[in-house]
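This report refers to the structure that appears directly beneath it.
Protein chains: 2
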Amino acid sequence: MKKSRQNTAAQILDSLTNDIIQGEYSPRQKLHIKTLKDRYNVGTSPLREALSQLIAKDLVVSENQRGFYVSGISINDLTDIYQARAKIEGLCLEMAIQKGDDYWESNIIAASHRLAKYTKSENIDMDEWQNRHFSFHEALVSGCNSPRLFQIRQSLYEKSTRYRNLWLKENVTNFETLQVNQNEHVALMVLALERDTKAAQKLIEAHIMTPVKIIKKSFLNKV
Amino acid sequence: MKKSRQNTAAQILDSLTNDIIQGEYSPRQKLHIKTLKDRYNVGTSPLREALSQLIAKDLVVSENQRGFYVSGISINDLTDIYQARAKIEGLCLEMAIQKGDDYWESNIIAASHRLAKYTKSENIDMDEWQNRHFSFHEALVSGCNSPRLFQIRQSLYEKSTRYRNLWLKENVTNFETLQVNQNEHVALMVLALERDTKAAQKLIEAHIMTPVKIIKKSFLNKV
DNA sequence: TAATTTAATAATGTCGACATTTTAAAATTA
DNA sequence: TAATTTTAAAATGTCGACATTATTAAATTA
């Protein structure tokens, strides 16, 4: 068996991160050391090191002598995360528009085409759609050229993805939503290519906040 | 001896974070497990858990089987961090101006007064000055009401503080710089109280970028 | 019975030991 | 001597064990 170049802690970190974001664990769920050791086939040390990193990433919380828990969720936190993400995405887009060259433009056009084609297709696999959707937005902000902002963007994206998987799965799947969404994508592309920074920023912020409106409406209906 | 409410890993994390930010360790310096165990009087597990969190915070890097190192520094990274920080601070300030009430206003005035008085005083202790400086900027953005943006702000502030301690210590101490700085502080207060969001944002971004200009100039002179 | 105390069970956090790998030094070869 | 190989030393990452603390269940008391 070829030895992995990653150590056990790094591997387990990947698995745990994914499982939390995918919603395998419930918010506030207790993460028993013993159970996790069995599930991932690892010892105490690497497991606790991975959990330590998840604490720094705010996906896990811990209390002394009371162990580890998956981070809780709330409407306020959802709103805050999406709001922050919208603003950061706006910043990245602003910088990208300023610095974008011909390749940046063509990548946007290409990604937009792939997304548009798939959105119009018959049987939509949501995972594939998410891939193309993700790629399109990445194309928009690529060339923003700020590693730190990109890292922040990524970190907020992870957290919002967790909320999506926990709360929005059924809500964003319906055809109508997808269509409104798609109109915005085309508009975003046009504004980016026209280098209309202000308008593009405004739209991307609204675009990102869309799921928040949906989920809040859905919560109100339940009460 | 009363037992601390924090576990060993959390304590050691505080110490290590501080020591790295304060510049006790050099960039790219090897962090030997054995040495750290002796220095902080702890065992392997909590130490490695603390280091794991520092990895997630980008203050430490690690390579499998080659241990831990303090993160490196570069002009590009310095610029990126300060740039990102400037933008984030601008966002926080924008939100604070939108939501700020009478207490927010009065806190700014109070913090501004304390900073102005101390800046004009005879023997300036830089630590005390940093405290008052920090408080003033915090007063400006307090009430921004976004925990996530604040957290990002804090994280970037930490990293920029490390650069300041490593590179800028002597540069920002001189009287002239402090004076220019102080004019901007007054201007920031006025713009905030006038609720001139755009102008305040523009100024805070320039204000935060000041040290970058200084350090870049100083580097050019050396070559 | 309800509330409190005590006992038993389970889980956490820390330590030292050990196998594996890297690094440094010594020995060999060309 | 310079380059390569071999040997020795040091350091890392992982494991299981153990003391301490929290949690649950049983027993006691009012």
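If you read the sequences in order, they're chains D and E. When you line the first sequence up against my numbering, it's residues 32 to 254, in that order. When you line the second sequence up against my numbering, it's residues 32 to 254, in that order. The C-beta atom is built at its ideal place from N, Cα and C for all residues, glycine as well.
Point to revise | Proximity test, Cβ basis, 8 Å: E:Met240 and chain D | key: no
Check your understanding: Quick one: complete beta strand (DSSP E) runs, 3+ long, within the stretch 66 to 129 of chain E?
Key -> 91 to 94, 98 to 101
Check your understanding: Hey, D:Ile52 and D:Glu189 are a contact pair by Cβ (cut 8 Å); roughly how many whole angstroms apart?
Key -> Confirmed, about 6 Å.
Exercise for review: Determine the direct distance from the alpha carbon of E:Trp135 to that of E:Ser102, and round the result to whole angstroms.
Suggested key: Distance between E:Ser102 and E:Trp135, taken at the CA atoms: about 37 Å.
**Study point:** Integer-rounded CB distance, given that D:Met240 should sit under 8 Å from D:Tyr113
**Key:** 6 Å
Review point. Counting pairs of beta carbons, one from the stretch 142 to 158 of chain E and one from the stretch 90 to 101 of chain E, are three or more of them closer than 8 Å?
Key: Verdict: no, contact absent.
**Study point:** Pair within 8 Å by beta-carbon distance, D:Phe258 and D:Ala127
**Key:** Since the first and last residues shown for chain D are 32 and 254, residue 258 of chain D lies out of range.
Exercise for review: Closer than 9 Å by beta-carbon distance: list the chain D residues that pair up with E:Ile183, in chain order.
Suggested key: Ala115, Ile119, Ile183, Ser186, Leu187
Point to revise | Neighbour list for D:Glu80 in chain E, Cβ cutoff strictly below 7 Å | key: Arg79, Glu80, Ser83
Point to revise | is_contact[E:Ala230, chain D] using C-beta, thresh 8 Å | key: no
Review point. Beta carbon of E:Glu80, beta carbon of D:Arg79: below 8 Å?
Key: yes
Practice item. Return the residue from the list E:Arg193, E:Arg145, E:Cys123, E:Glu215 that minimises the CA-CA distance to E:Thr228. Key: E:Cys123
Practice item. Just mark E:Pro178 as buried or exposed, buried being the case when its beta carbon has 16 or more other beta carbons within 10 Å. Key: Flag for E:Pro178 reads exposed.
Point to revise | Rounded distance between the beta-carbons of E:Ile139 and E:Leu224, thought under 8 Å | key: About 7 Å separates the beta carbon of E:Leu224 from that of E:Ile139, a gap short enough to meet the 8 Å contact definition.
Review point. Between the C-alpha atoms of E:Gln25 and E:Ala115, what's the straight-line distance to the nearest angstrom?
Key: Given a span of 32 to 254 for chain E in the structure shown, any question on residue 25 of chain E remains unanswerable.
Check your understanding: Of all Cβ atoms in chain E, is any one closer than 8 Å to the Cβ of D:Leu180?
Key -> yes
**Study point:** Residue(s) in a DSSP beta bridge with E:Leu62
**Key:** E:Phe99
Check your understanding: For D:Ile155, does the three-state DSSP call read helix, strand or coil?
Key -> When DSSP states are grouped into helix, strand and coil, D:Ile155 belongs to the coil group.
Exercise for review: List the whole-angstrom C-beta distance separating D:Ile235 from D:Gly131, where the pair is believed to meet the contact cut-off of C-beta under 8 Å.
Suggested key: That pair is no contact at about 14 Å.
Practice item. Rank E:Thr48, E:His63, E:Leu67 by C-alpha distance to the C-alpha of E:Asp89 and give the top, closest one. Key: Between E:Asp89 and the set E:Thr48, E:His63, E:Leu67, the nearest pair of CA atoms involves E:Thr48.
**Study point:** Cα-Cα separation between D:Asp45 and D:Leu85, rounded to whole angstroms
**Key:** 10 Å
Practice item. Rounded to whole angstroms, what's the CA-CA distance from D:Met157 to D:Ile106? Just pull it up for me. Key: 24 Å
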